[in-house]
Each structure stands twice: as structure tokens, then as C-alpha cells.
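Protein chains: 2
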Amino acid sequence: MPTLGIDLGGTNARAAVVDEQGRILASAKVALTERSPMAVVEVIAQAAASAMAASGGAQVRGCGVGAAGQIHRDSGVIAVAPNLGWRNVPLGALLAERLGHSVRVVNDLAAAAWGELHAGAGRGATDVYVVFVGSGVGSCVIANNQLVRGAGGVAGELGHTKVIPNGRRCGCGELGCLEAYAGGHNLIAQAREVLLAGRSPGLAELTEGDPSRITPLTVERAAEAGDPAARELHERAGQMLGMAVANMVTVLNPARLIIGGGVLLNCPGIRRYVVEGVQALSSNTSREGLLIAEAELGDDSGLIGAALLGL
Amino acid sequence: MPTLGIDLGGTNARAAVVDEQGRILASAKVALTERSPMAVVEVIAQAAASAMAASGGAQVRGCGVGAAGQIHRDSGVIAVAPNLGWRNVPLGALLAERLGHSVRVVNDLAAAAWGELHAGAGRGATDVYVVFVGSGVGSCVIANNQLVRGAGGVAGELGHTKVIPNGRRCGCGELGCLEAYAGGHNLIAQAREVLLAGRSPGLAELTEGDPSRITPLTVERAAEAGDPAARELHERAGQMLGMAVANMVTVLNPARLIIGGGVLLNCPGIRRYVVEGVQALSSNTSREGLLIAEAELGDDSGLIGAALLGL
Chain A
1 MPTLGIDLGG TNARAAVVDE QGRILASAKV ALTERSPMAV VEVIAQAAAS AMAASGGAQV
61 RGCGVGAAGQ IHRDSGVIAV APNLGWRNVP LGALLAERLG HSVRVVNDLA AAAWGELHAG
121 AGRGATDVYV VFVGSGVGSC VIANNQLVRG AGGVAGELGH TKVIPNGRRC GCGELGCLEA
181 YAGGHNLIAQ AREVLLAGRS PGLAELTEGD PSRITPLTVE RAAEAGDPAA RELHERAGQM
241 LGMAVANMVT VLNPARLIIG GGVLLNCPGI RRYVVEGVQA LSSNTSREGL LIAEAELGDD
301 SGLIGAALLG L
Chain B
1001 MPTLGIDLGG TNARAAVVDE QGRILASAKV ALTERSPMAV VEVIAQAAAS AMAASGGAQV
1061 RGCGVGAAGQ IHRDSGVIAV APNLGWRNVP LGALLAERLG HSVRVVNDLA AAAWGELHAG
1121 AGRGATDVYV VFVGSGVGSC VIANNQLVRG AGGVAGELGH TKVIPNGRRC GCGELGCLEA
1181 YAGGHNLIAQ AREVLLAGRS PGLAELTEGD PSRITPLTVE RAAEAGDPAA RELHERAGQM
1241 LGMAVANMVT VLNPARLIIG GGVLLNCPGI RRYVVEGVQA LSSNTSREGL LIAEAELGDD
1301 SGLIGAALLG L
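So the sequences go chain by chain: A and B. Under the working numbering, think of the first position of the first sequence as 1, with each following residue one higher. Under the working numbering, think of the first position of the second sequence as 1001, with each following residue one higher.
What follows is the structure in C-alpha cells.
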């Protein structure tokens, strides 16, 4: 029997009816107009009903939710969801009551990693490390075919490992995090600084001087065209990511390293730094037999993974 | 019913009869005079027979072995054991035949971590990170109450994460490993270099100029007495360890961090760097609720853990 997968972001709720092989039978997406927990529960229920109707009235036998935020490990309570402005919202219990199913809530990245593990680039493996670099930097550890969620449910925060003690301030408030240099959002912020300081003719040309047009890919293009300031930012981000991921491969010895997220999938130069960093800097023994693969499921990984976790 | 735990080092085999609570009922130690697999199996059998006799002829229902080396994950084959000069020795099968029990073989550090988890500083926790700094630097991840052994069985090699690309050569042959700066063996080697170059009056005084008298603790004492060269080595080792361990706490979010090994247990200054590094550099959310504890079982952790894994 299929299950229901929910992907709860800051602006939309998506729902999908997913079969046991991780195939999406039908899906629906509804915008969040209000952010109160009860309003969000209603939007999710509406998306779920639409997806079930679109699948021809499929019966489902459970529901999984991937939500952007910090989730208490067992209770399904969302401790903090910055995009929704939530603190301590018992989303699992609220949704279970509304939908009449058991509901499991996990972090959106864990859901995406679980989707890739079972229906994407991780198929057949039981020990996988997944790294996503998009606006932020996140990761997920799967060991012995189980999610490693950590004692408090916040395992995987590669973006908040420190690369330079007392370095650049990160969005999390701490100093010197990997994400403060290599996350897409911060890469853009750093590029904007050099553009506005008149230090990057390459970025000025590519963006016609408009900082709002900077993307990680424009930084990469300016770097590859030889702009020194863009090159410095790009190289630093790539090298820091490469070493951090290599070190996780050394400690975790996964069978597969899956890389995804907008920055890694859209910027071949940064992807190359990561792959080459892993090849050069992970220990020989940990890298023996390692397969490096790109995430395959794109935006659907979280929906599929949430559904499979809801089984 | 008790089980048998074996700790196989490079110079001795120890055997213990261990009850289900992880208490040692009796133990024995026999020197390895020869290193051929069959000779070592005989020594282990002899140690096991002595321990069983000393326990009053206890019946045991299984056997676990912790061995210094790289172990194939499921087969009990020792892929590489540098101390014994072994490659691809099917120790599990050989011992099972000799002893007439099922035998499980794991890495010595995994055995020690498992012992601490169930009978030492990790009691009651299911998500634990164990760091040992002795002559080398090793670690063990326990998540969801399971050992994380990695796809190839070599997970945990914190000592071979890279801290300085193309840095100091490590015993493993690679460049810039954490262990090349912070392992006891390499800390001594670096101190010997500065002593022989006449750059460390503090070490010269403490060792009376005899490089063979350098230990990690003499380096610490010279550093704390203000010797600049010793201080540089000591501080660098401590800070590198602190940041590496902090970053593992951020990614793994353990309930408990257990620190052990001769260097961490005997050198309070280096231990302080690690504890303070974790407090300063791990992410706030991952550190919430974290307990940092010293290993409690000393040399017995591996014996006890091996026995409990043999259950």
C-alpha cells in the first residue's frame, strides 16, 4: 500500500502518494499563505487530499514529513523552524489527528537523503554520506541502513563545522563555520562585498554592476574568466568543502558519497573541487571502494524519502 | 552465561571471562613469542583456557576479539595488522575452529568503545563518540546503539583526517594527517627534532638532553614552563585535536563524548585543549545536552567490549 510524503518548506507544502518502491503516483503543491501551525496543518491536509484524489483515491497507510528545521528526535515536535517562525510545534501530533494516520516528522535533509538512499543515487548501499550545498551546507549520515539523527536530532550539520576559528560570522550566529564561506547564500554575500568595493571587474561585467544578479554560478564564471577576487572566493569555498567532505569520508568510510543541492549540481567548478578534494585528502583505506554519485531525484527526494520513512 | 573477550595486541594476547554486565570474572595474559597466525591462535587459546580455569571453569557462550588492525566488516578476516605483520588472516574462522565457539572480530578501538558504552563512561547512552589519543589518534562512532564500522570496516580514523593539506608526513604515508601532529608518537618525534636542533632549552633540561626520555608529558611540562618550541608543538597538537573533535560533535550530535588513551588521560593540558575546543567550536545545537566524560575502564575496555560484542 502506498504512503503519503510531505515536504514542508517555508513557502509551500507539497504532498505525494508514493509506492513502496519510491515512485511518485501523484502529487500536489499548495502555497502557505499563513504560518500559524493550524493554518499550515490545513494546507498540508489540503495538499494531501489533492494528491490522494489525483492518484485515483489511493488508500495510504502512513505519512512522513520532511520539514526545514530542527526536529526533536522521537516526538515529531519541531523545535525550531526559522522559515516558519516556529518554536516547539508538535506538528506530528497535530497532523496525525487531522489526517487520521500515524505521522513521522524528520528534518528535510534527512528525508531527502533517505529518498536518495532508497530510490536514487544510494540504491543498494547501507552506508552513505549525503552532502547538499545550496543556499546552506548540510549533510546526512546513513550507517547500517539507519539515519544517524544524533542524540538531539540535529546530526549532519556539516555547514556549522568550523574551518577558521573566530572567522567570518555565519547565519547561525557563530564564527568561522564552513557555511559562512561555502554556502550559496554566503558566497553571494561575499561576492557582493567585493563587487561593491570595486574589487571585481569580472563580476561587474557579468552582472552589469547589479549585485542582485550575483549567483554562485556568476561567481564561478568570473573566477574561471580570471577575476582574482572571484577566484579567491570560489577557490576558498571549493577547497574548504573538499577538505571537510574528505574528512567525513575518512571518519565514516561510506560505500557511497552522494552530492546534491543547487550549488553542487549547478556549479561544475565547485563540484570538481569537492570530488578532487575527496580523492586527494580522504584516507586511502576509507576511499577504497567509495563511489561518488550525484543526487538523482532533484526536488522530489524529500517527498519520496518522507513517504518511505512514513512506512 | 558469560562470554570470552580477547584483546590481541602486538606483543600479548589477553583473555577474560566477562559476565553480561561487563564485569571481568577472571583474566589471563600470554606473551606472543611468534607471530604466525597459527602460533597466535595457540597463544589466544592458551590465554582463554587459563582465564576459564581461573574463573572456576565457567562455561562461555561466545567469543569476541578486539585486534589492532583493519578488519573486514563481516567475515572476521584481518585485512592488515601492522604490529603482527599480517595480511588477510581469517582469524575469526581459525579461532572459531580452535575454540569451538562462534567468534566475532572487531578493531581494538571499536572493542574499547563498546566496552566503555556498556560498562564504562557511556552507560545509558545510545549515541556516543569516543576519541582515543595515545601513540596514535583514533575514534569510534556509536549511533542508534550500534557501532558505525563503515562500508569497509575502517570507520573512525579521526587521526587520518587532514588538517594541513600537504603537511607533515604521517606514519600511514599520507601528508597532513591530524595524527602526524597530535598523536603521541609524532608529538615525541617533533619534540626530538627541536631538542636535537638545540631549539628547546626546556626539553633539554627536563630530559637531560636525552631524546629517548621525551614523552608527551615532558613536552607538556616544557610547554607549561614557557619553552617556546615545546609550547608551539603542544598548542598546535591541542588546538588541532580540539577543532577536529568539535567538528565531529557538530556532525554526529552525540549524547556523550568519551575521551581516553594515554595522551588524553595523562596530559591534563592537552585534555583541556580538547574539552575547551569542543566547548568553543562545536555548534551550539549539537552541544546542547552533551556530556564529556573520561574513559573509565582503562586497559580493560577492549577486553570487556570484545566479550560483550561476542554475545
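All C-beta atoms in this analysis are idealised placements derived from N, C-alpha and C, irrespective of residue type, glycine included.
**Prompt:** Closest by CA to A/Leu291, which one among A/Ile24, A/Ala125 and A/Gly183?
**Reply:** If you number the first sequence from 1, residue 291 of chain A lands on position 291. Out of A/Ile24, A/Ala125 and A/Gly183, A/Ala125 has the C-alpha closest to the C-alpha of A/Leu291.
**Prompt:** Does any CB atom of chain B fall closer than 9 Å to the CB of A/Arg149?
**Reply:** Position 149 of the first sequence, counted from the start, is the residue given in the question as residue 149 of chain A. For A/Arg149, the answer is yes, since a Cβ of chain B falls inside 9 Å of its Cβ.
**Asked** Interface residues of chain B around A/Asp127 at Cβ under 7 Å?
**Response** As a first step, residue 127 of chain A is located in the first sequence; it is residue number 127 there, counting from the start. For A/Asp127, the residues of chain B that pass the 7 Å Cβ criterion are Gly1150 and Ala1151, in the order they occur in the chain.
**Asked** If we cut at 9 Å on Cβ distances, does B/His1118 have a partner in chain A?
**Response** Within the second sequence, the letter at position 118 stands for residue 1118 of chain B. Taking Cβ atoms only, chain A never reaches closer than 9 Å to B/His1118, which makes this a no.
**Prompt:** Excluding sequence positions up to five away, which residues of its chain have a Cβ less than 6 Å from the Cβ of B/Asp1127?
**Reply:** Position 127 of the second sequence, counted from the first residue, corresponds to residue 1127 of chain B. Excluding residues within five positions, the ones whose Cβ falls inside 6 Å are Ala1143, Pro1254 and Ala1255.
**Message:** When you compare the CB of A/Leu309 with every CB in chain B, is at least one pair closer than 9 Å?
**Reply:** If you number the first sequence from 1, residue 309 of chain A lands on position 309. Output row for A/Leu309: interface = no.
**Asked** Whose C-alpha, out of B/Ser1036, B/Val1060, B/Ser1050 and B/Ser1075, is nearest the C-alpha of B/Trp1086?
**Response** Position 86 of the second sequence, counting from 1, holds the residue named residue 1086 of chain B. Of the listed residues, the one whose Cα sits closest to B/Trp1086 is B/Ser1036.
**Request:** Could you check the C-alpha separation between B/Gly1298 and A/Met243 for me, to the nearest Å?
**Result:** For the purposes of this step, residue 1298 of chain B is taken as the residue at position 298 of the second sequence. For the purposes of this step, residue 243 of chain A is taken as the residue at position 243 of the first sequence. Distance between the alpha carbons of B/Gly1298 and A/Met243: 33 Å.
**Prompt:** Got a sec? Which residues, its chain only, sit under 6 Å from B/Gly1069 by beta carbon, not counting five neighbours each side?
**Reply:** By 1-based counting over the second sequence, the position of residue 1069 of chain B is 69. The answer, listed in chain order, is Ile1078, Val1080 and Ala1081.
**Message:** Please classify A/Leu84 as buried or exposed, where buried requires at least 16 other C-beta atoms within 10 Å of its C-beta.
**Reply:** Counted from its first residue, the first sequence places residue 84 of chain A at position 84. Buried, since its Cβ has 16 or more Cβ neighbours within 10 Å.
**Request:** Decide if B/Met1038 is buried, meaning its Cβ has at least 16 other Cβ atoms within 10 Å, or exposed.
**Result:** As a working note, residue 1038 of chain B is residue 38 in the second sequence. Per the 10 Å Cβ criterion, exposed.
**Message:** Considering only their Cβ atoms, is the gap separating A/Ala93 from A/Glu294 smaller than 9 Å?
**Reply:** Indexing the first sequence from 1 puts residue 294 of chain A at position 294. Indexing the first sequence from 1 puts residue 93 of chain A at position 93. Their beta carbons are not under 9 Å apart, which means A/Glu294 does not touch A/Ala93 by this criterion.
**Prompt:** Does the beta carbon of A/Thr285 fall short of 8 Å from some heavy atom of the ligand ADP?
**Reply:** The model on display carries no ligand, and the ligand ADP is accordingly not part of it.
**Request:** Could you check the C-alpha separation between A/Glu227 and A/Ala31 for me, to the nearest Å?
**Result:** The residue you call residue 227 of chain A lines up with position 227 of the first sequence. The residue you call residue 31 of chain A lines up with position 31 of the first sequence. The sequence as given places Asp at residue 227 of chain A; Glu does not occur at that position. Cα to Cα, A/Asp227 sits roughly 41 Å from A/Ala31.
**Request:** Establish whether the CB of B/Met1248 and some CB of chain A are separated by less than 9 Å.
**Result:** Looking up residue 1248 of chain B in the second sequence gives position 248. Yes, B/Met1248 counts as interfacial toward chain A.
**Asked** Could you give the distance in angstroms between the alpha-carbon of A/Cys140 and the alpha-carbon of A/Leu309?
**Response** Within the first sequence, the letter at position 140 stands for residue 140 of chain A. Within the first sequence, the letter at position 309 stands for residue 309 of chain A. Approximately 15 Å between the Cα atoms of the pair.
**Request:** Provide the residue span of the beta strand (DSSP E) that contains A/Ser27, from first to last.
**Result:** The residue you call residue 27 of chain A lines up with position 27 of the first sequence. Segment Ile24 to Ala31, the beta strand (DSSP E) holding A/Ser27.
**Message:** Along the chain, where does the beta strand (DSSP E) containing B/Ile1304 start, and where does it finish?
**Reply:** On the second sequence, residue 1304 of chain B is found 304 positions in, with the first residue counted as 1. Segment Ser1301 to Leu1309 is the alpha helix (DSSP H) holding B/Ile1304; no beta strand (DSSP E) there.
**Request:** Taking B/Ser1139 as part of the beta strand (DSSP E), name the residues at either end of that continuous run.
**Result:** Mapped onto the second sequence, residue 1139 of chain B falls at position 139. That run of the beta strand (DSSP E) goes Val1137 to Ala1143.
**Closer than 8 Å at the beta carbon, the chain B residues around A/Gln70** = The residue labelled residue 70 of chain A in the question sits at position 70 within the first sequence. Chain B residues near A/Gln70: Thr1285.
**Asked** What is the DSSP secondary structure of A/Gly269, counted as helix, strand or coil?
**Response** Translated into the one-based positions of the first sequence, residue 269 of chain A becomes position 269. Correct three-state label for A/Gly269: helix.
**Request:** Name the one or two DSSP bridge partners that B/Gly1066 has.
**Result:** Counted from its first residue, the second sequence places residue 1066 of chain B at position 66. B/Asp1007 and B/Val1106, per the DSSP bridge assignment.
**Request:** With distances taken Cα to Cα, identify the nearest neighbour of B/Glu1232 among B/Tyr1181, B/Asp1074, B/Val1278 and B/Gly1176.
**Result:** Stepping through the second sequence from its first residue, residue 1232 of chain B is reached at position 232. When only C-alpha atoms are compared, the closest one is B/Tyr1181.
**Asked** Taking Cβ positions, are B/Gly1066 and B/Ala1111 nearer each other than 9 Å?
**Response** For the purposes of this step, residue 1066 of chain B is identified with residue 66 of the second sequence, where counting begins at 1. For the purposes of this step, residue 1111 of chain B is identified with residue 111 of the second sequence, where counting begins at 1. Yes, they are a contact pair.
**Prompt:** Helix, strand or coil for B/Gln1239 per DSSP?
**Reply:** On the second sequence, residue 1239 of chain B is found 239 positions in, with the first residue counted as 1. Correct three-state label for B/Gln1239: helix.
**Asked** Are the Cβ atoms of A/Leu203 and A/Leu195 separated by less than 9 Å?
**Response** The residue you call residue 203 of chain A lines up with position 203 of the first sequence. The residue you call residue 195 of chain A lines up with position 195 of the first sequence. Cβ distance < 9 Å, so A/Leu203 and A/Leu195 count as in contact.
**Message:** Strictly below 7 Å CB to CB, what residues from chain B border A/Lys162?
**Reply:** Within the first sequence, residue 162 of chain A is the residue found at index 162, counting from 1. Per Cβ cutoff of 7 Å: Met1243, Ala1246, Asn1247 and Leu1281.
**Message:** Taking its Cβ as the centre, do 16 or more other Cβ atoms sit within 10 Å of A/Ala53, making it buried, or is it exposed?
**Reply:** Taking the first sequence and counting its residues from 1, one reaches residue 53 of chain A at position 53. Here A/Ala53 is exposed, its C-beta having fewer than 16 other C-beta atoms within 10 Å.
**Asked** Would a check of beta-carbon distances place B/Pro1254 closer than 9 Å to chain A?
**Response** Your numbering for residue 1254 of chain B matches position 254 in the second sequence. Chain A contact via Cβ: present.
**Request:** Could you check what DSSP says for B/Val1255 in three-state terms: helix, strand or coil?
**Result:** Along the second sequence, read from residue 1 onward, the residue named residue 1255 of chain B stands at position 255. The residue you asked about is not Val; residue 1255 of chain B is Ala in the sequence shown. Under the three-state reduction of DSSP, B/Ala1255 is assigned to coil, being neither helix nor strand.
**Asked** When you compare each of A/Met240, A/Leu241, A/Thr218 and A/Gln239 to A/Ala230 by their alpha carbons, which one comes out closest?
**Response** Here residue 230 of chain A corresponds to residue number 230 of the first sequence, with the count starting at 1. Ranking the options by Cα distance to A/Ala230, first place goes to A/Thr218.
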